[in-house]
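A.B. asks: Take a look at this one; I'll ask things after.
There are 2 protein chains.
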Amino acid sequence: MAQTNLSLRQLRAFLALAEQRSFTQAAATCHLSQPAFSALIRTLEGELNTRLFDRDTRSVELTAEGRLFAASARRLVEDFGAALVDLNDHVERRKGRVHIAALPSLAAGWLPAVFAGFRKAWPGIELNLSDLLSDACVDLVRSGKADFALASTGVSHAGLSTRLVCTDRFYLVCRKDHPLAAEASPTLKKLAPYPFIHMSRNSSVRQALEAALHPQQANTVLEVDQLATAAGMVEAGLGISVVPALTLFHFERKNLVTRPLAASGLTRKIYLVRRQEGSLSAAAQALHDLVIETMKARTP
Amino acid sequence: MAQTNLSLRQLRAFLALAEQRSFTQAAATCHLSQPAFSALIRTLEGELNTRLFDRDTRSVELTAEGRLFAASARRLVEDFGAALVDLNDHVERRKGRVHIAALPSLAAGWLPAVFAGFRKAWPGIELNLSDLLSDACVDLVRSGKADFALASTGVSHAGLSTRLVCTDRFYLVCRKDHPLAAEASPTLKKLAPYPFIHMSRNSSVRQALEAALHPQQANTVLEVDQLATAAGMVEAGLGISVVPALTLFHFERKNLVTRPLAASGLTRKIYLVRRQEGSLSAAAQALHDLVIETMKARTP
DNA sequence: CACACTTACGATATTCGTAAGGATT
DNA sequence: AATCCTTACGAATATCGTAAGTGTG
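Sequence lines, in order, name chains A and W.
Letter by letter, the first sequence follows residues 1 to 300 in the numbering used here.
Letter by letter, the second sequence follows residues 301 to 600 in the numbering used here.
This is how it looks when you write it as structure tokens:
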């Protein structure tokens, strides 16, 4: 008994017959020939080891046991259907949840448009974004709390797979009246004498910058956490700064100019980080694909 | 999607694999060869239109969709199993309810032993007895409130089937010191002169008696509702009475004697009444069979 | 190369629809 | 005679197990 094998179709057939009380009609409902339907009911009765219908040529009625089972069967078919619909909603991305982690610079400037596009395509999917510094992003992925991350780690962590999605060139930002504003594409060396406004030491922007400067030291005048703050400081004339292209929107201000740095190998690499094993949910995969696609479109 | 056909076995296989995370082991659990099991999972994934497991030669893990479905599947298999167990309990008469109606004379004297036997055989079945006069018994059956009845109706009602289960001979009951006590088997005529204690007019005992007497009139001294009352009255010397064999236990008292009436065609016929169409529940059928069997044993 | 999942394939079992049978009105 | 469920039976389909294939540590 514990190993009985019943199918959803048998339950549906049973319920159809219980409601319509006619083999002929119920068979039509189930898209079966009447004899096949009859056999199906007989099989079901055999598996349940009881007669479910009193039937003769004139009438078809549930037995007491049939009525009992009908109540269960109705609920089972409903629950089964609900489970299938729910699963399918997730598969078809009508429901679901995606949690990604991304560097604040991406979260503020570039991601919103991606999220908007995603939302439009899959309005039923709940989005969750952790805008954190690179290491924290990676930790969320490793712990499974985030589906994937956009971070600047080049280190290949065990169990994580990283994929380069963007190489972000750096730009000088300074006031229009600054001497460097005259240069179309200044070199790093030329920047050295001027007071410099840094991002905080653990930001990806700062780390890429330090790595590029290495033996050199910048003439630090100020260290801030937020790019918007840096923009304000530069505009106020406290100093210059150097930031990746994807953050330039912060510096689109009347009194500021931005200049690509002369080829210096100074770039910030952005990686998509995900767990090595375990596929993404349908929803996460969709966002993943959209991210990749959008990135490709930006820098072909 | 609405017409997907899943089987309980597929769900069990899916859950086995989700838990054991090994095709080989899960296949063994399901008593299948590993390739057959593999095909089964593949079919399931096809029907659900999604991959449920991330698998390679080294590891088998649920996908996000698989985890979602696993929760549903677990509950479905449980509910399904519970429904099957419940149904089987009814089929095997470990659970259930039987409601019968019976004449008070049977309810008090003869049925208790039958019920005791039934209870012993099927301790899980709830018993329900309506001890009512014949017409009320039949009404309960007709309305479907009782599974069957033991009544004295000979009338064949539409939609009901009646079956004679017992022909109850009548006995004189009187005091030991009554003149009739001397007769081993008095005739009805001899009773006529003596004061008579009747059952109420709508009782089956009274009706059978009136039918037998017909042109004659009894010398009624008293009319009572309960046989026990009649017994007390007879013992007190108020009169004699005539009652069916099955009620004689009421009259087994020190100062009373019972005498079978001489062949007079005076009998009370007891019928088992049930609905013509519609089988009995397993529990009701069991009680039905026990009633028939016990009746047969009493009067072979 | 050993282990674990997949593919290939012939054999078996199940399920189907058509046609004939039986019972009831 | 008409209607409805059941039985009979050959055909189509699905499922099984064995054996070979593939990929990974």
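We treat Cβ as the ideally placed atom computed from N, Cα and C, and that holds for glycine.
1. For Q507(W) and G459(W), I'd like the C-alpha separation in whole angstroms.
2. DSSP three-state label for H90(A), please.
3. Could you tell me whether the Cβ atoms of L427(W) and F415(W) are closer together than 8 angstroms?
4. For the beta strand (DSSP E) holding F251(A), just list the boundary residues, first then last.
5. Which of the three DSSP states is assigned to S372(W) in this structure?
6. Given that a residue counts as buried once 16 or more other Cβ atoms are within 10 Å of its Cβ, and exposed if not, what is R274(A)?
7. Does DSSP put L111(A) in a helix, a strand or coil?
8. Beta strand (DSSP E) containing E183(A): first to last residue?
9. Thinking R469(W) and L556(W) are a contact (beta carbons under 8 angstroms), I'd like their distance in whole angstroms, please.
10. The alpha helix (DSSP H) with I341(W) in it runs from where to where?
11. Please give the ranges of any alpha helix (DSSP H) in the region 499 to 543 of chain W, keeping only runs that are unbroken, at least 4 residues long and fully inside the region.
12. Buried or exposed for R463(W), please, with buried defined as at least 16 other CB atoms from any protein chain shown within 10 angstroms of its CB.
13. Taking S322(W) as part of the beta strand (DSSP E), name the residues at either end of that continuous run.
14. In chain order, what residues of the region 70 to 85 of chain A put their CB closer than 9 angstroms to some CB of chain W?
15. Please check if any C-beta of chain W sits within less than 8 angstroms of the C-beta of G278(A).
16. Where L432(W) and E47(A) are concerned, what is the direct C-alpha to C-alpha distance, given to the nearest angstrom?
17. With a 10 Å radius around its C-beta and 16 neighbouring C-beta atoms as the bar for buried, classify W282(A) as buried or exposed.
18. Helix or strand or just coil, what does DSSP make of H331(W)?
19. Provide the residue span of the alpha helix (DSSP H) that contains R442(W), from first to last.
20. Can you grab the Cα-Cα spacing for the pair K254(A) / T187(A), in whole Å?
21. Which residues, in chain order, does the region 346 to 358 of chain W contribute to contact with chain A at a C-beta distance below 8 angstroms?
22. Using a beta-carbon distance below 8 angstroms, is T304(W) in contact with chain A?
23. Listing by chain order, which chain W residues have their CB less than 8 angstroms from the CB of E61(A)?
24. Report buried or exposed for F549(W), applying the criterion of at least 16 other Cβ atoms within 10 angstroms of its Cβ.
25. In three-state terms, what does DSSP make of L325(A)?
26. Is it the case that the region 564 to 571 of chain W contacts the region 508 to 528 of chain W, given that we only count it when at least three CB pairs across the two stretches are under 8 angstroms?
27. Anything in chain W within Cβ reach of H90(A), meaning under 7 angstroms, just list it in chain order.
28. So what does A451(W) bridge to, in DSSP terms?
29. Closer than 8 angstroms by beta-carbon distance: list the chain A residues that pair up with L308(W), in chain order.
30. Give me, in chain order, the residues of the same chain whose beta-carbon lies closer than 8 angstroms to that of I41(A); leave out the 5 immediate sequence neighbours on both sides.
31. With distances taken Cα to Cα, identify the nearest neighbour of I100(A) among N88(A), L62(A), A146(A), R75(A).
32. Thinking C-alpha only, which one of L580(W), H498(W), L538(W) is nearest P544(W)?
33. Tell me the DSSP secondary structure of P260(A) in three-state form.
34. For V360(W), write down the residues that DSSP places opposite it in a beta bridge.
35. Determine whether the Cβ of A458(W) lies closer than 8 angstroms to any Cβ atom of chain A.
36. Indicate whether at least one CB of chain W lies closer than 8 angstroms to the CB of S281(A).
C.D. replies: Checking against the coordinates, here is how it stands:
1. Your numbering for residue 507(W) matches position 207 in the second sequence. Your numbering for residue 459(W) matches position 159 in the second sequence. Those two C-alpha atoms are separated by around 24 angstroms.
2. Your numbering for residue 90(A) matches position 90 in the first sequence. In the structure shown, H90(A) sits in a helix (DSSP, three-state: H, G or I).
3. As a first step, residue 427(W) is located in the second sequence; it is residue number 127 there, counting from the start. As a first step, residue 415(W) is located in the second sequence; it is residue number 115 there, counting from the start. Yes; because the gap between Cβ atoms is below 8 angstroms, this pair is in contact.
4. Taking the first residue of the first sequence as 1, we reach residue 251(A) at position 251. First-last for F251(A): undefined, no H or E at that position.
5. Numbered from its first residue, the second sequence carries residue 372(W) at position 72. Helix.
6. Against the first sequence, residue 274(A) aligns to sequence position 274. Per the 10 Å Cβ criterion, buried.
7. As a working note, residue 111(A) is residue 111 in the first sequence. Three-state result, L111(A): helix.
8. As a working mapping, residue 183(A) is identified with position 183 in the first sequence. From DSSP, E183(A) is part of no beta strand (DSSP E); its letter is neither H nor E.
9. Here residue 469(W) corresponds to residue number 169 of the second sequence, with the count starting at 1. Here residue 556(W) corresponds to residue number 256 of the second sequence, with the count starting at 1. Not really, about 18 angstroms apart at Cβ, beyond 8 angstroms.
10. Locating residue 341(W) in the second sequence gives position 41, counting from the first residue. Where I341(W) is concerned, the enclosing alpha helix (DSSP H) stretches over 334 to 348.
11. 504 to 513, 527 to 535
12. Your numbering for residue 463(W) matches position 163 in the second sequence. Exposed is the call here.
13. For the purposes of this step, residue 322(W) is identified with residue 22 of the second sequence, where counting begins at 1. It is not in any beta strand (DSSP E) - S322(W) carries neither H nor E in the DSSP assignment.
14. A71, S72, A73, R75, L76, D79, F80, G81, A82, A83, L84, V85
15. Position 278 of the first sequence, counting from 1, holds the residue named residue 278(A). G278(A) counts as touching chain W.
16. Walking along the second sequence from the start, residue 432(W) turns up at place 132. Walking along the first sequence from the start, residue 47(A) turns up at place 47. Going by the C-alpha atoms only, they are around 40 angstroms apart.
17. If you number the first sequence from 1, residue 282(A) lands on position 282. With the sequence shown as reference, residue 282(A) is identified as Ala, and Trp is not the correct amino acid for it. Label assigned to A282(A): buried.
18. Position 31 of the second sequence holds residue 331(W). In the structure shown, H331(W) sits in coil (DSSP, three-state: anything other than H, G, I, E or B).
19. Residue numbering aside, residue 442(W) sits at position 142 when the second sequence is read from its first letter. Start and end: 434 to 442.
20. The count along the first sequence starts at 1 and reaches residue 254(A) at position 254. The count along the first sequence starts at 1 and reaches residue 187(A) at position 187. One C-alpha to the other measures close to 24 angstroms.
21. L348, N349, T350, R351, D354
22. In the second sequence, residue 304(W) corresponds to position 4, counting from 1. It does: the Cβ of T304(W) has a partner Cβ on chain A nearer than 8 angstroms.
23. Taking the first residue of the first sequence as position 1, residue 61(A) is located at position 61. Within 8 angstroms Cβ-Cβ: E577, G578.
24. Here residue 549(W) is taken as the residue at index 249 of the second sequence, counted from 1. Its Cβ having fewer than 16 others within 10 Å, F549(W) is exposed.
25. Past the edges of chain A, shown from 1 to 300, lies residue 325(A), and the structure says nothing about it.
26. yes
27. Counted from its first residue, the first sequence places residue 90(A) at position 90. Within chain W, the residues near H90(A) are E365, L368.
28. Counted from its first residue, the second sequence places residue 451(W) at position 151. Paired residue(s): Y571(W).
29. The residue given as residue 308(W) occupies position 8 in the second sequence. Going along chain A in sequence order, the residues near L308(W) (Cβ under 8 angstroms) are T4, N5, L6, S7.
30. Against the first sequence, residue 41(A) aligns to sequence position 41. A13, F14, L17, F23, L52, F53.
31. Here residue 100(A) refers to the residue found at position 100 of the first sequence. It is A146(A).
32. Position 244 of the second sequence, counted from the start, is the residue given in the question as residue 544(W). Ranking L580(W), H498(W), L538(W) by Cα distance to P544(W) puts H498(W) first.
33. Taking the first sequence and counting its residues from 1, the one referred to as residue 260(A) is at position 260. Of the three classes helix, strand and coil, the one that applies to P260(A) here is strand, per DSSP.
34. As a first step, residue 360(W) must be located in the second sequence, where it is residue number 60. DSSP, once it has assigned bridges, lists R355(W) as partnering V360(W).
35. Position 158 of the second sequence, counted from the first residue, corresponds to residue 458(W). Cβ-Cβ to chain A under 8 angstroms: no for A458(W).
36. Position 281 of the first sequence holds residue 281(A). Yes, because at least one Cβ of chain W sits closer than 8 angstroms to the Cβ of S281(A).
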